[in-house]
Amino acid sequence: MHLLARPNVWMFVMLACAISWVGLLIPEWFLSGSDFTPFLQIFLFGWGPAAAAVVMKKWVYSSSIKGLGWNRKYYDFRWITLTIFGPLAVMAATLGVVFLLGNVLNLPGFGRIEIGSAGSTDLHVIALNDSFSFILAPIMSAFDANFWTTFGILLGLLLLIGATVGLLLQMGSEMGFRGYLLRELQPLGFLGSNTLLGLLVGGWQCLMLLHFLPGWSVDYLPVFLSILGYNLALAFPLAWLSLKTRSVYASATFSSVLSQVSALSMLFYWNSNPLLAGVNGMAGMIVLMIITGLILRFDKAFVDRYEHLVY
5 MHLLARPNVW MFVMLACAIS WVGLLIPEWF LSGSDFTPFL QIFLFGWGPA
55 AAAVVMKKWV YSSSIKGLGW NRKYYDFRWI TLTIFGPLAV MAATLGVVFL
105 LGNVLNLPGF GRIEIGSAGS TDLHVIALND SFSFILAPIM SAFDANFWTT
155 FGILLGLLLL IGATVGLLLQ MGSEMGFRGY LLRELQPLGF LGSNTLLGLL
205 VGGWQCLMLL HFLPGWSVDY LPVFLSILGY NLALAFPLAW LSLKTRSVYA
255 SATFSSVLSQ VSALSMLFYW NSNPLLAGVN GMAGMIVLMI ITGLILRFDK
305 AFVDRYEHLV Y
C-alpha cells in the first residue's frame, strides 16, 4: 500500500488524463466536416500518456527517456510475427467461447455463431465503423466479391493498418502506461501491478468515450464496465509481451492489431450482445484470462522475476 501512496504514480495518472483530454478538444471549426478530424482527436488523446511520461522522466526524475521501452533490439522477427498474428488466435478463440456459451449452452446475450447468416454484419459496415474509416471506406466501396474473398481483403487491410498507422497511435499510450507506469508499479508483482494498471488504462479510455457521448446516462454504465474489464484482462498479456521483448513495440503492436481485427468477429454473430460476445466483451475477456493463466502456469520464471525485469 505504501507504493500506492507515492505521489509520482498519481501525478503521472492525472497528468496523462489532463493532456489526453486537452488533445480531444479540437475546435469544431478546425478541419470541420473532415473524416480525418476524429482520427486526429484519437491520436492526440493517445499520445497524452507518452507526453506525461516524458514530463515525469525529464522534470521529476531528471533522467533520460531511454527506459520507457523504445528499445527494439530484442523485438525480433519471432516476436513481431506473434504480435501481428496472435490477435487472430484471440479472435478465433473468442468465437469458440461464444459458440460454447451461445450455440451449445444457449446462455442469453451470447447469441449464436452462424457463418453467412442474414443477421451477420455487412463488411462495409465494419469498414465504416472502424477507427480508420476514412481509409477503409473508399477501398471497400471498390469491392463487391463473395463473403470469404471480401473477408480476406478486409482482414489484410486491418492487419496492415493495425501494424502501421494503428501502431503509431497505440505507441503513445504504451510508452506511458507500459513504459513508465508499469515500471512504477512493478514492486506490486505481476498480478497486483497489472490489476491496478489495467483499471487505470480503462479509466483513461473512458475519458475519451465521455467526450464523444452527448451526456451522462446510467444506460452507459455497462459500456464503461466493459471497457474497464477488457483493459484489466488485457493488461497481463501486454505486460508479458513488453517485458519479455524489453520493448513497448510488442504490446503496442498486439493491442493495435487486436483492436482492428476484433471487428471482424461481428461477421459471425447472430443476435449477440457485443458486451458479452465481442472480443472486447466478456467472451474476449475469458480468452485473455486463459492466456494469463497459461503465463502463470508455464512461465513461472517470468512471474517470479517480474519485479526485477527492465527494458
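This note's numbering numbers the first residue of the sequence shown as 5 and each following residue consecutively. Every residue, glycine too, gets a C-beta built ideally from N, C-alpha and C.
For residue i, does the three-state DSSP call read helix, strand or coil?
| i | result |
| --- | --- |
| Arg116 | strand |
| Trp152 | helix |
| Trp74 | coil |
| Trp208 | helix |
| Arg309 | helix |
| Leu99 | helix |
| Pro91 | helix |
| Pro226 | helix |
| Arg172 | Rather than Arg, the amino acid found at residue 172 in this sequence is Leu. Leu172: helix per DSSP, three-state reduction. |
| Arg82 | helix |
| Asn110 | coil |
| Trp14 | helix |
| Ile157 | helix |
| Ser251 | coil |
| Ile231 | helix |
| Leu236 | helix |
| Ser266 | helix |
| Leu29 | coil |
| Val314 | coil |
| Val129 | Because the pLDDT at Val129 is just 49, under 50, the model does not fix this residue reliably, and the point stays unresolved. |
| Trp335 | There is simply no residue 335 to check, as the chain begins at 5 and stops at 315 in what is shown. |
| Ser197 | helix |
| Ser221 | coil |
Using 10 angstroms around the beta-carbon of residue i, count the other beta-carbons present and answer buried if the total reaches 16, otherwise exposed.
| i | result |
| --- | --- |
| Lys77 | exposed |
| Val314 | exposed |
| Glu178 | buried |
| Phe216 | exposed |
| Ile23 | buried |
| Ala305 | exposed |
| Pro218 | exposed |
| Met18 | exposed |
| Ile119 | exposed |
| Gly100 | exposed |
| Pro278 | buried |
| Ala281 | buried |
| Leu111 | exposed |
| Tyr65 | exposed |
| Trp14 | exposed |
| Phe194 | buried |
| Phe81 | exposed |
| Ala20 | buried |
| Ala254 | buried |
| Gly115 | buried |
| Pro241 | buried |
| Asn284 | buried |
| Trp152 | exposed |
| Thr85 | exposed |
| Leu189 | buried |
| Leu271 | buried |
So the alpha helix (DSSP H) residue i belongs to, where does it begin and stop?
| i | result |
| --- | --- |
| Ser276 | First-last for Ser276: undefined, no H or E at that position. |
| Asp185 | Residue identity differs from the one stated: residue 185 is Leu in this sequence, not Asp. Element bounds for Leu185: n/a, residue is neither H nor E. |
| Ile290 | 286-302 |
| Gly282 | From DSSP, Gly282 is part of no alpha helix (DSSP H); its letter is neither H nor E. |
| Leu217 | Per DSSP, Leu217 belongs to no alpha helix (DSSP H) and is neither H nor E. |
| Trp63 | Run containing Trp63: none; DSSP gives neither H nor E here. |
Can you check whether the C-beta of residue i is within less than 8 Å of a C-beta belonging to chain D?
| i | result |
| --- | --- |
| Ala281 | The structure shown contains no chain D; it holds only a single protein chain. |
Sufficient close CB pairs (3 or more, under 8 Å) joining the region 43-54 to the region 180-188: Note that the region 43-54 touches the region 180-188; at least 3 beta-carbon pairs, one per stretch, sit closer than 8 Å.
At least 3 beta-carbon pairs within less than 8 Å: the region 59-66 vs the region 231-245: Result no; under three Cβ-Cβ pairs closer than 8 Å.
The region 167-178 in contact with the region 257-268 per 3-pair CB rule at 8 Å: Between the region 167-178 and the region 257-268 there are three or more C-beta pairs closer than 8 Å, enough to call the two in contact.
The region 240-249 in contact with the region 154-161 per 3-pair CB rule at 8 Å: Because the criterion of three Cβ pairs below 8 Å is not met, the region 240-249 and the region 154-161 do not touch.
Cβ contact check for the region 284-294 and the region 93-105: 3 or more pairs under 8 Å: Touching, per the Cβ criterion.
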